[in-house]
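Down below is the structure, laid out as structure tokens.
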Amino acid sequence: MPEDLDAEYVLPLLRRDRRGEDELVRYLSWLGDRLDVTVVDASPADLFAALDERLSEGVVHVPPAASGLNGKARGVLTGLEVSRHDRVIIADDDIRYDDVTLRAVVDRLAEADFVRPQNVFASFPWHARWDTARSLIGRAFGGDYGGTVGVRRRTVVEAGGYSADVLFENLELERTVALSGGRVDVARRILVPRLPPTAAHFAGQRVRQAYDDLAQPARLAVEAALLPGLAAATLLRRWRLLAVFAATAVGVAEYGRRVAGGRRAFPATSALWAPVWLLERAVAVWIALGWRLRGGIPYAGSRIFSAATPVSLLRRRLTTTEGLVS
277 MPEDLDAEYV LPLLRRDRRG EDELVRYLSW LGDRLDVTVV DASPADLFAA
327 LDERLSEGVV HVPPAASGLN GKARGVLTGL EVSRHDRVII ADDDIRYDDV
377 TLRAVVDRLA EADFVRPQNV FASFPWHARW DTARSLIGRA FGGDYGGTVG
427 VRRRTVVEAG GYSADVLFEN LELERTVALS GGRVDVARRI LVPRLPPTAA
477 HFAGQRVRQA YDDLAQPARL AVEAALLPGL AAATLLRRWR LLAVFAATAV
527 GVAEYGRRVA GGRRAFPATS ALWAPVWLLE RAVAVWIALG WRLRGGIPYA
577 GSRIFSAATP VSLLRRRLTT TEGLVS
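For the sequence shown, the numbering used here assigns the number 277 to the initial residue and increments by one for each residue that follows.
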């Protein structure tokens, strides 16, 4: 039998149909042999009931109780409230831990209040390679933001929870922990598998992911400068400059692939997609800015204005906010 871990696994879930249910149930059963599992399920009643009938007896399956515009953050806050452990792993429904990565994140939480592991796709269709370039560039500049984190429940409770009215909920949670005096561990060597999305889902995420960058002004400024810069270089036929741009993008992504043991997990051709991803982001970030001017980006039936709370404002709030979880 696998060793039981002193930790909780929280899965915020929203399903539109039953596709992938068999595989998800098997994964949750596998997890349940290793640690306590809580599924916070915002799915329609029929899908909630169908999954509830199939889950192992030890899996806690509840609807979200917290308020907010971001459904995932509502699920996380609810999961933290009902968690039976201080060490909590939060993961999207496409994340697939194995024994090594599960233990690694739990162990890191012995010293850190927030652990940000990295993701690597379990398989690499063309659109997964495209999105991998984004991950590699993130790794090159300190670490990517993926679909899973580890957190100490106590630290979040003492901070008064975190806002569920922002789009970039992982960054909001990380900033909340850090500004509360918690230790953040960007674990670039922990590479947690995730299932690749469908091509249609990938396409639908391009602008939403770009909107996240409104929470990071320096990154936003660089990305917003790409489109006019590339357009000017093209109009002026500065082909050598464009070649330098492409080569630099590949070089940065390749560094991200090699750093912290990434070569063992990311395909050798991954960095070649970096210029393609940067061209995508050069366009998508301007569309995201357009949504911002219109009052926010549509998200799961609502409209969210803020990508994340500005650091200065969040610092002030943390001195006055009452607890959001208990």
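Using N, Cα and C, we set each Cβ at its ideal position, and we do this for glycine too.
- A residue is called buried when at least 16 other Cβ atoms come within 10 angstroms of its Cβ; Arg428 meets this threshold and is buried.
- A straight-line Cα-Cα distance of about 7 Å links Gly334 and Gly308.
- Contact between the segment 351-361 and the segment 334-343 is present: 3 or more CB-CB pairs across the two stretches fall below 8 Å.
- Around the beta carbon of Trp515, fewer than 16 other beta carbons sit within 10 angstroms, so the residue counts as exposed.
- Put simply, of Leu502, Gly577 and Ile365 the residue whose alpha carbon is nearest the alpha carbon of Trp553 is Leu502.
- Per the DSSP secondary-structure output, Thr424 pairs in a beta bridge with Ala367.
- Ranked by Cα distance from Gly566, the options Arg459, Arg484, Phe324 and Val313 are led by Arg484.
- A distance of 8 Å or more separates the beta carbons of Arg310 and Leu471.
- For His361, the three-state secondary structure derived from DSSP is coil.
- Taking 8 Å as the upper bound for CB-CB distance, Arg363 and Val382 are in contact here, some 6 Å apart.
- For Glu299, the closest of Ala283, Asp369, Arg557 and Gln481 by C-alpha to C-alpha distance is Asp369.
- Counting along the chain, Asp317 sits inside no alpha helix (DSSP H); it lies in the beta strand (DSSP E) bounded by residues Asp312 to Asp317.
- Only residues of its own chain outside the window of five on either side were considered, and among them Ala435, Gly436, Thr452, Leu455 and Ser456 have a CB closer than 8 Å to the CB of Leu594, listed in chain order.
- In the three-state reduction of the DSSP assignment, Gln485 falls in the helix class.
- Cα atoms of Leu353 and Leu518: separation of roughly 46 Å, rounded to the nearest angstrom.
- Around the Cβ of Ser399, a 10 Å sphere holds fewer than 16 other Cβ atoms; the residue is exposed.
- For the pair Ala404 and Pro473, the Cα-to-Cα distance works out to about 8 Å.
- In the structure shown, Pro574 adopts extended strand secondary structure according to DSSP, grouped into three states.
- Cβ neighbours of Thr377 within its own chain (closer than 8 Å, five residues either side excluded): Pro393, Ile466, Leu467, Val468 and Pro469.
- Judged by beta-carbon spacing, Thr431 lies within the 8 Å limit of Gly458, meaning their Cβ atoms are closer than that value.
- Residue pairing by DSSP places Val391 opposite Gly426 and Asp461 in a beta bridge.
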